[in-house]
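Counting from 1 along the sequence shown, just add 96 to a position and that's the residue number in my numbering. Written out below as structure tokens is the structure these notes cover.
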Amino acid sequence: MTFAPSSQLFSSSKSFDSSGFDYFSSNYFFTLHGNRTSVFICIMPAHRAESFPWYHSSRQKPRRWPLALRFIKGSVHANIIAPIVFYTLFTTLVVFVDQHLNINLGVPSTVTPSLSIVVGLLLVFRNSSSYERFWGGRQDVGHIVSNVRNLSRYFMLCGPNESDEDRQDTEKVVKTLIAMLFAMRSSLREDWGIPDKEEEPEYTDLLPRGMQGHENWGVALPLELAFFVEKYIRKGHKRGNFQAPQASMLTSQLNAIIDGYGHMETIMLTPIPVCYQIHMKQVLSLYCLFLPFSIVDDWNWVAVPMVALIAFTLYGIEGIGQEIENPFGLDRNDIKMDNIVRDTRQEITTLLECWKQGKEEHFL
97 MTFAPSSQLF SSSKSFDSSG FDYFSSNYFF TLHGNRTSVF ICIMPAHRAE
147 SFPWYHSSRQ KPRRWPLALR FIKGSVHANI IAPIVFYTLF TTLVVFVDQH
197 LNINLGVPST VTPSLSIVVG LLLVFRNSSS YERFWGGRQD VGHIVSNVRN
247 LSRYFMLCGP NESDEDRQDT EKVVKTLIAM LFAMRSSLRE DWGIPDKEEE
297 PEYTDLLPRG MQGHENWGVA LPLELAFFVE KYIRKGHKRG NFQAPQASML
347 TSQLNAIIDG YGHMETIMLT PIPVCYQIHM KQVLSLYCLF LPFSIVDDWN
397 WVAVPMVALI AFTLYGIEGI GQEIENPFGL DRNDIKMDNI VRDTRQEITT
447 LLECWKQGKE EHFL
């Protein structure tokens with residue numbers, strides 16, 4: 097089989113010659129038919145917005161300032177400014193009384209190293225626990241996206257697609273898989289209910305027609321959508337499209353999606369124990385209150401910026417742990433779930449449109 101040059105495939109001003117080729121063109125697709133082998137080729141329109149894999153997930157604004165000079169966007173400074181100001185003023189008062197009122201407030205500094213070790217260990221545990229939750233949530237999102245991709249591909253190429261009605265059912269179940277990603281994102285943000293079509297059309301257009309959520313009865317929407325997918329797998333198994341091992345594999349992948357969602361629920365619903373948070377705050381407060389008395393004799397007025405710097409460091413580390421312990425929200429440091437879901441929707445719907453336009457099973 098001989099292919100036309102690539103310039104003919106991608107140029108809207110040229111057409112194929114009639115020697116062995118017939119073609120159908122639309123905004124998105126070309127279909128080539130040879131003598132023996134039929135090949136389906138999917139390309140993007142000539143005039144479109146620039147896109148590539150992970151288009152939304154990998155986008156980053158150019159940095160106008162070095163990270164060392166950023167104090168607002170993406171930082172925790174707004175959350176820790178109050179204790180820093182308090183300890184700075186408190187240290188100023190201690191130094192003033194010690195230097196100008198001739199009242200010796202200094203204490204031996206031998207206790208400070210021991211307290212520093214304890215505070216450091218607590219902060220390490222706090223940050224490692226929070227980052228483990230953050231990274232675990234990101235891994236769950238990645239595993240769920242991978243399973244959605246695998247199920248979508250298998251349904252399009254190996255599902256019960258003999259008739260037009262069957263192909264419509266396959267299209268619906270693939271869209272339902274994408275809708276599960278949107279539903280999980282919204283559920284983890286406690287954004288309950290199906291949004292209006294005007295609010296989020298890219299989500300509502302994917303849901304099965306007439307879908308009514310039962311979240312007011314305590315049933316999460318992703319679990320309801322999983323029933324639609326399982327029903328499709330059962331249908332394919334009954335009709336012989338999926339043999340028992342294949343149906344079991346597909347069900348396992350669907351179960352993996354629900355397992356990942358359950359693990360993300362665990363992260364969201366299980367905060368760091370309050371007893372640990374209380375002790376952490378109390379230890380930090382006592383350490384920063386004791387620190388001015390231990391260094392005032394050696395540092396005098398230099399103790400004021402030193403305490404401010406130490407408080408900034410310690411409370412900043414504690415604030416980072418608090419910022420990332422629930423990574424599914426809308427904060428700048430949270431997982432970019434909107435972008436990940438949008439990219440996944442783009443790639444699967446593009447393949448789905450290619451599959452709908454073609455009559456073959458091969459993509460090039």
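Cβ atoms here follow ideal geometry from the backbone N, Cα and C, with glycine treated the same way. Quick caveat: nothing in here was measured; it's all calculated off a predicted structure.
Taking the straight line between their C-alpha atoms, what separation do you get for residue i and residue j?
| i | j | result |
| --- | --- | --- |
| Ser226 | Asp260 | 50 Å |
| Ile353 | Asn243 | 7 Å |
| Val379 | Gly417 | 16 Å |
| Tyr328 | Ala343 | 10 Å |
| Asn396 | Lys377 | 27 Å |
| Val191 | Pro204 | 16 Å |
| Arg305 | Gln373 | 46 Å |
| Met433 | Gly232 | 14 Å |
| Thr362 | Asn246 | 25 Å |
| Leu365 | Glu286 | 11 Å |
| Ala340 | Pro318 | 25 Å |
| Arg166 | Pro401 | 20 Å |
| Asn198 | Ser381 | 26 Å |
| Gln393 | Trp288 | In the sequence on display, residue 393 carries Asp and not Gln. Computed Cα separation, rounded: 58 Å. |
| Pro162 | Asp430 | 21 Å |
| Gln442 | Arg330 | 27 Å |
| His375 | Asn337 | 59 Å |
| Gly216 | Ile168 | 26 Å |
| Pro369 | His196 | 45 Å |
| Phe323 | Thr300 | 18 Å |
| Val214 | Arg234 | 31 Å |
| Val220 | Tyr411 | 12 Å |
| Cys371 | Trp313 | 33 Å |
| Ser348 | His310 | 25 Å |
Can you check whether the CB of residue j is closer than 7 Å to the CB of residue i?
| i | j | result |
| --- | --- | --- |
| Val325 | Leu284 | no |
| Met345 | Asp236 | no |
| Ala404 | Ile177 | no |
| Asn257 | Arg249 | no |
| Leu201 | Phe389 | yes |
| Thr440 | Leu277 | yes |
| Thr266 | Leu321 | no |
| His239 | Gly356 | yes |
| Leu211 | Tyr383 | yes |
| Ala399 | Tyr183 | no |
| Asn175 | Gly425 | no |
Around the Cβ of residue i, are there at least 16 other Cβ atoms within 10 angstroms (buried) or fewer (exposed)?
| i | result |
| --- | --- |
| Asp427 | exposed |
| Ile444 | buried |
| Leu218 | buried |
| Gly332 | buried |
| Arg229 | buried |
| Arg56 | The structure shown does not extend to residue 56, since the chain is modelled only from 97 to 460, so the question has no answer here. |
| Trp474 | Lying outside 97 to 460, the shown extent of the chain, residue 474 is not represented and no answer is given. |
| Val207 | exposed |
| Gly454 | buried |
| Val315 | exposed |
| Ser282 | buried |
| Ser121 | A caution first: Ser121 carries a pLDDT of 36, below 50, which makes its placement in the model unreliable, though a value can still be read off. Ser121 comes out exposed. |
| Ile290 | buried |
For my contact list, residue i and residue j are in at a C-beta cut-off of 8 Å; report their separation, rounded to the angstrom.
| i | j | result |
| --- | --- | --- |
| Ile436 | Val241 | 7 Å |
| Leu448 | Met280 | Between Met280 and Leu448 the Cβ distance is about 20 Å, and since that is not below 8 Å, they are no contact. |
Under 6 Å: does the beta carbon of residue i sit that close to some heavy atom of the ligand MN?
| i | result |
| --- | --- |
| Asp434 | For the structure depicted, the ligand MN is absent and the ligand set is empty, with no information on it obtainable. |
For residue i, which of the options has the nearest alpha-carbon?
| i | options | result |
| --- | --- | --- |
| Phe275 | Gly202, Val398, Met307 | Note on residue identity: the sequence assigns Ala, not Phe, to residue 275. Of the listed residues, the one whose Cα sits closest to Ala275 is Met307. |
| Pro367 | Ala340, Gly454, Gly216, Pro423 | Pro423 |
| Arg222 | Arg438, Gly425, Ile413 | Ile413 |
| Lys334 | Gly255, Tyr383, Gly238, Val207 | Gly255 |
| Thr409 | Lys452, Val172, Pro162, Arg166 | Val172 |
| Asp194 | Tyr411, Ile391, Leu447, Ala407 | Ile391 |
| Pro209 | His310, Glu286, Leu387, Tyr357 | Leu387 |
| Val270 | Leu302, Pro291, Ser224, Trp288 | Leu302 |
| Thr187 | Tyr411, Leu385, Arg438 | Leu385 |
| Arg438 | Glu298, Tyr411, His310 | Glu298 |
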